[in-house]
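Written below as structure tokens is the structure these notes are about.
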Amino acid sequence: MRLKHSLVALLFLTLAGCAETPNECVVHTLGTLPVLNDHGSPIVEVTLNDKKAAMIVDTGADFSSVSESLTKQYDMTRLSAYVPVNGVGGLVDASVYKVDKLGLGTGTTQDIALVGLPRTHGQINGIPIVGLFGGDFLTSYDVVFDLPAHKIDLYQLHGCPSPTPMWDGPVSKLRSSREGKTHIGLKLVLNNYKIDAILDSGSSATVVLPRQAHHAGVSEEQLATDISTKSRGIDLHSLSGHLHRFERLQIGDEVFPNPLLDVSPLKTDGDALLGADFLRHNRVWISNRNDMIYIQRLTPPPMQDPTFEHGLRKRQLTQPDMQKQPTP
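When the letters of the sequence shown are read in order and numbered with mature numbering (1 follows the signal peptide of the UniProt record, and there is no 0), they come out as residues -19 to -1, 1 to 309.
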């Protein structure tokens, strides 16, 4: 049996919260999901078949997945299905497993299917990181990343005059598009050159393709003198790249001067990845219902913005090598 598209048809979700705000705006919510980690892709606590676990929130993944090595520990059932999954290293055929009960925030899911993958993610606070929530789950909601406050919210809005009813203060916006079934596509401007990108919270850092870097005025000779990086995808395929400081990166109306970005030959159908480094330093509201992204910048100009610094603000960029570690 071949499972071709989204696994969301197997999911039954009980929304546990309903907040009413003025003007008959109704916000259904799963409750706030505390983010357990300080760096990289966001990790939230869940329960699988009443056992404590943690999962990565990954807007760049087509499917929600689980490490195959943990399926027995969490009493999962293997289904007679498989699904092709595209990672940074290429296409992978994967088995499918069923979880009888999953707890998330103040809500519960039943009979959810997860794609089994060979990659492991380690532990956080002694809790196994079993896998990730992908686009098949996340696209049913407005996903609100407030990683500076260590939280993520999943909303469904009804009758709200404001697209961001839970926010106060100035908000900028950016049109997005649905790439394939679940990917969130957007246009960025790198050194005054327009590039296609995907908003990918599963990528710990923002990554641009060598071709895009070249169009933005960066030569191979320049990249060869930059710090080298290593990245790894869901298929365990390792890619080498370089960390380069560009002149500017524009995301909607927001301009980030002198960003330090990874340049790596990812297999992404020509798209860069706007990663978790962007989400870690800004509030970002993804409105899947109307294909918009809303941004609250926490370090507005002319203040020095740490968004794309890779933790290197106090380090010398002439060191011989730095590997980009996989998501913990």
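A virtual CB, placed ideally from N, CA and C, is assigned to each residue, including glycine.
In this text the structure is predicted, and so the values were computed from the model without any measurement.
Around the C-beta of R192, fewer than 16 other C-beta atoms lie within 10 Å, and the residue is accordingly described as exposed. When secondary structure is reduced to three states using DSSP, R270 falls in the coil class, being assigned neither helix nor strand. Boundaries of the alpha helix (DSSP H) around D258: A257 to R261. Looking only at T90, N173, V124 and L83, the smallest Cα-Cα distance to S182 is reached by V124. In this structure, V64 sits near V96, with a CB-CB distance shorter than 8 angstroms.
The Cβ atoms of F114 and D31 lie no closer than 8 angstroms to each other.
Per DSSP, reduced to three states, the secondary structure at D117 is helical.
Residues P65 and V66 of the same chain have their beta carbon placed closer than 8 angstroms to that of L72, with the five preceding and five following residues left out of the count. The distance from the Cβ of F227 to that of N263 is about 18 angstroms, inconsistent with a contact at the 8 angstroms cut-off. Between I133 and V25, the beta carbon gap of about 6 angstroms places them in contact (Cβ cut-off 8 angstroms). The beta-carbon separation of E235 and I276, rounded to 6 angstroms, stays under the 8 angstroms limit for a contact.
Leaving aside the five residues that flank I105 on each side, the residues in its chain whose CB is nearer than 7 angstroms to its CB run, in chain order, L17, N18, I24, A35 and P309.
For L11, the three-state secondary structure derived from DSSP is strand.
Annotated as distal: D117 and D177, with beta-carbon spacing of 8 angstroms or more.
Contact annotation: the segment 79 to 99 does not touch the segment 143 to 160, with fewer than three C-beta pairs closer than 8 angstroms.
Of the residues L260, G166 and L242, the one whose Cα lies closest to the Cα of D127 is L260.
If you compare the alpha carbons of M273, A75, R229 and P238 with that of A62, the shortest gap goes to A75. Here the alpha carbon of T288 sits roughly 15 angstroms from the alpha carbon of A130.
For L83 against L135, the beta-carbon gap comes to about 13 angstroms, at or over 8 angstroms, which does not count as contact. By a beta-carbon distance limit of 8 angstroms, L255 does not contact D243. Their separation comes to about 12 angstroms.
Exposed is the label assigned to R59, since fewer than 16 other Cβ atoms lie within 10 Å of its Cβ. Across the set F237, S185, I179 and L204, the C-alpha of I179 shows the shortest separation from the C-alpha of T249. In this structure, the CA atom of L190 is about 7 angstroms from the CA atom of L247.
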